[in-house]
Each structure stands twice: as C-alpha cells, then as structure tokens.
Amino acid sequence: SQKIEQNSEALNIQEGKTATLTCNYTNYSPAYLQWYRQDPGRGPVFLLLIRENEKEKRKERLKVTFDTTLKQSLFHITASQPADSATYLCALDRNDYKLSFGAGTTVTVRA
Amino acid sequence: DGGITQSPKYLFRKEGQNVTLSCEQNLNHDAMYWYRQDPGQGLRLIYYSQIVNDFQKGDIAEGYSVSREKKESFPLTVTSAQKNPTAFYLCASSMGQVDTDTQYFGPGTRLTVL
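Protein chains in written order, with our numbering: chain A, 11 to 121; chain B, 32 to 145.
Following this line, the structure appears as structure tokens:
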C-alpha cells in the first residue's frame with residue numbers, strides 16, 4: 011500500500027541550529043514533491059516544490075533535497091528562529107492533480 | 032485581497048443533522064479540493080473538482096456531498112451518514128496544472144458533533 015512517513019517525533023531545536031526533517035514514501039512515483047507549513051488552527055501554506063529530476067532546491071533559509079532512489083526528501087531549516095516553530099507537511103504528487111500528504115513534523119525552536 | 036475563505040470557523044452539529052461548510056475563492060483557480068484533518072494524520076482528500084459542474088470522489092467521500100455550480104464556490108455538506116464527522120476541514124484550490132500544481136488553502140472549519 012502507499013505510505014508517506016515523516017519524522018514520527020516532534021523536533022525541538024535551539025535557535026540558530028539547523029532543523030532537518032525527513033519524508034519517506036513507498037509505492038509512489040511522484041513527478042514532484044512539495045513542502046507546506048501549517049500553524050496551529052490554520053490552513054497549510056506552500057513553501058517549496060521540487061521535481062523528480064532536481065536534486066536540491068533552496069529558498070532563503072530553506073533547502074529541500076529529493077532522492078527518488080531512496081524515495082526520500084529532506085527539508086532543512088538553517089539558522090532557525092522561534093518564528094519557524096510550526097508543523098511541516100510533505101506532499102506527493104499522485105499524477106492526477108491530487109496530492110497525498112504526510113502527517114507532518116512539529117518543529118519547536120527554543121530561544 | 033485574493034485568497035480562499037471558509038465559513039464558519041467553528042461549527043457544532045447535533046447527531047443526525049446535515050451541515051454545509053462554505054468555501055469561496057477569488058484566485059480564478061479551476062481546481063478545488065476538500066480535505067479532512069484528524070490529529071496525528073495527514074490530510075485526507077474528500078472530494079475534488081477540476082472544473083465547474085464536475086467533481087470526483089476522493090479517498091474518503093462516504094457521508095459527504097459537494098456541488099460546483101460556480102467557479103468560485105465549492106460547498107461541502109457533511110451528512111448524517113458520516114459516522115465520525117468531528118474534524119478540521121480544509122478547502123484548497125489550485126490552477127489545475129498537472130506538472131506543478133500548488134494548492135492554496137483556506138483557514139479551515141472545525142466541526143464538532145455534540
């Protein structure tokens with residue numbers, strides 16, 4: 011069956027450190043993968059999209075990698091700040107306008 | 032101010048009642064989606080629509096119904112047949128491009144069955 015797994019534990023890090031989140035998937039062949047941020051009680055907000063033929067994508071302090079052989083994406087937040095505290099969701103393309111979402115990883119950045 | 036609006040923010044329903052959740056977008060997007068989010072689970076797709084007057088069932092459509100009479104609007108009805116409707120409901124829209132489709136989400140409606 012198809013499955014998307016994100017870090018099962020919440021991530022607590024010190025301000026200024028790098029947070030690294032994982033997204034592993036099975037039985038998918040996504041053309042692209044997306045990362046979203048969700049704050050408590052609010053809708054997700056799109057952050058980054060990376061295609062299957064791209065190894066790495068950057069946006070300001072965010073970096074995403076995509077390894078289709080390992081079936082894994084890594085999401086990095088560098089120089090983390092308390093304002094980065096949120097839940098981060100990975101989403102996989104299902105080849106038909108639809109996305110499948112992971113359960114998310116909650117990141118807490120301590121000042 | 033472009034975006035997606037959902038109403039109400041909080042909704043309480045008695046068992047046996049149908050309720051309708053509103054979703055409106057002014058982004059001129061063709062595609063619209065309804066998701067359900069439960070604690071510890073990913074977003075699950077209920078229904079989606081790629082064009083006006085057309086919609087398809089998602090992964091968990093049982094107990095729900097939708098309509099798409101206007102491009103801007105995609106209301107979701109939670110019927111009494113839905114066994115466990117208490118959840119956070121999210122509406123989203125996208126341009127409907129197969130190769131790079133990004134979804135824009137509304138603020139959500141939290142439904143509680145009393």
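All C-beta atoms in this analysis are idealised placements derived from N, C-alpha and C, irrespective of residue type, glycine included.
One Cα belongs to B/Ser96, the other to A/Lys69, and the distance between them is close to 39 Å. With fewer than 16 other CB atoms across the displayed protein chains lying within 10 angstroms of its CB, B/Gly71 is exposed. The continuous stretches of beta strand (DSSP E) do not include B/Ile91, and DSSP gives it neither H nor E.
As the crow flies, the alpha-carbon of B/Val83 is around 43 Å from that of A/Ser90. In the three-state reduction of the DSSP assignment, A/Asp94 falls in the helix class, which pools H, G and I. Counting only Cβ-Cβ distances below 7 Å, A/Ala113 has contacts in chain B at Gly71, Gln72, Gly73, in chain order. Bridge pairing for A/Tyr38: absent [DSSP]. DSSP places A/Arg71 outside any beta strand (DSSP E), giving it a letter other than H or E. Contacts with chain A (Cβ-Cβ distance below 9 Å) from the region 131-145 of chain B involve Thr131, Asp132, Thr133, Gln134, Tyr135, Phe136, Gly137, Pro138, Gly139, Arg141, listed in chain order. Non-local C-beta neighbours of B/Asn49 in its own chain, meaning closer than 8 Å and more than five positions away in sequence, comprise Thr108, Val109, Thr110, Ser111, ordered along the chain.
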